[in-house]
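Student: Below you will find the structure I want to go over with you.
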Amino acid sequence: MKPVSTLFVLFLFSIAVSAQNFSSSTSGFHYPTNVQLELGGHGGFYSINAEHFIFNSANYKTGLQIGFAYYPENTEIINVWLPVGVTQLFSLNSSHLEIGIGHILGADKTVDGPSTDPEIVWERYINGRIGYRYQKTNGQFLLRASFMPIYDYATNEDIFPWGAISVGYAF
14 MKPVSTLFVL FLFSIAVSAQ NFSSSTSGFH YPTNVQLELG GHGGFYSINA EHFIFNSANY
74 KTGLQIGFAY YPENTEIINV WLPVGVTQLF SLNSSHLEIG IGHILGADKT VDGPSTDPEI
134 VWERYINGRI GYRYQKTNGQ FLLRASFMPI YDYATNEDIF PWGAISVGYA F
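When we follow the numbering used here, the leftmost residue of the sequence shown carries the number 14, and every step to the right adds one.
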């Protein structure tokens, strides 16, 4: 858990340091809200996400993200995934280095013991993100490629290396 805590503290520190440079006169994204289809990532094999940038300057951007993924019961995958996260972008024109941290809730139906009534069990994960984003300042199309390790902190299992590719539309 200590590496995750250290990563989180460093992430918050980078936001605080970069917040010193924010100015309303700088030009960030013209369209600060977007929706994305993500393959891989914090939804397992796919997720649909919405993101909004709360800080939006020319060189630094901080966004909040929420997503959703659903898998039918016969797939043997956690049924519902609800990822949330914070992302920091370091921008150079239309290229952006992206780092972030998030939390994933997964709702799964299980049958435990002699009862045949399904019970909902909540799974909890922490995920990181480091990657590349292509999005023009005044553009509505975005493309992302990320490395996203996922850690199951409820059971203290290993970190699962995972990746993601996203396409999105900004408005």
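C-beta atoms are modelled at their ideal positions from N, C-alpha and C, and glycine is treated no differently.
(1) How many angstroms separate the CA atom of residue 60 from the CA atom of residue 179?
(2) Verify whether the separation of the beta carbon atoms of residue 136 and residue 125 is less than 8 Å.
(3) How many Å lie between residue 58 and residue 70 at the Cα?
(4) Evaluate residue 37 with the Cβ neighbour count: other Cβ atoms within 10 Å of its Cβ, from every protein chain shown; 16 or more gives buried, anything less gives exposed.
(5) Can the beta-carbon of residue 79 be found less than 8 Å from the beta-carbon of residue 92?
(6) Counting pairs of beta carbons, one from the stretch 106-117 and one from the stretch 139-149, are three or more of them closer than 8 Å?
(7) Smallest Cα separation from residue 110: which of 82, 73, 121, 177?
Tutor: Straight from the coordinates:
(1) The residue labelled residue 60 in the question sits at position 47 within the sequence shown. The residue labelled residue 179 in the question sits at position 166 within the sequence shown. Each residue's alpha carbon lies about 9 Å from the other.
(2) Translated into positions along the sequence shown, residue 136 becomes position 123. Translated into positions along the sequence shown, residue 125 becomes position 112. No; because the gap between Cβ atoms is not below 8 Å, this pair is not in contact.
(3) Position 45 of the sequence shown, counted from the first residue, corresponds to residue 58. Position 57 of the sequence shown, counted from the first residue, corresponds to residue 70. Near 32 Å, if we compare the C-alpha coordinates of residue 70 and residue 58.
(4) For this step, residue 37 is matched to residue 24 along the sequence shown. Because the pLDDT at residue 37 is just 43, under 50, the model does not fix this residue reliably, and the value given afterwards should be weighed accordingly. When all chains shown are included, residue 37 counts as exposed.
(5) Along the sequence shown, read from residue 1 onward, the residue named residue 79 stands at position 66. Along the sequence shown, read from residue 1 onward, the residue named residue 92 stands at position 79. A distance of 8 Å or more separates the beta carbons of residue 79 and residue 92.
(6) These segments touch.
(7) By 1-based counting over the sequence shown, the position of residue 110 is 97. Considering only alpha carbons, the answer is 73.
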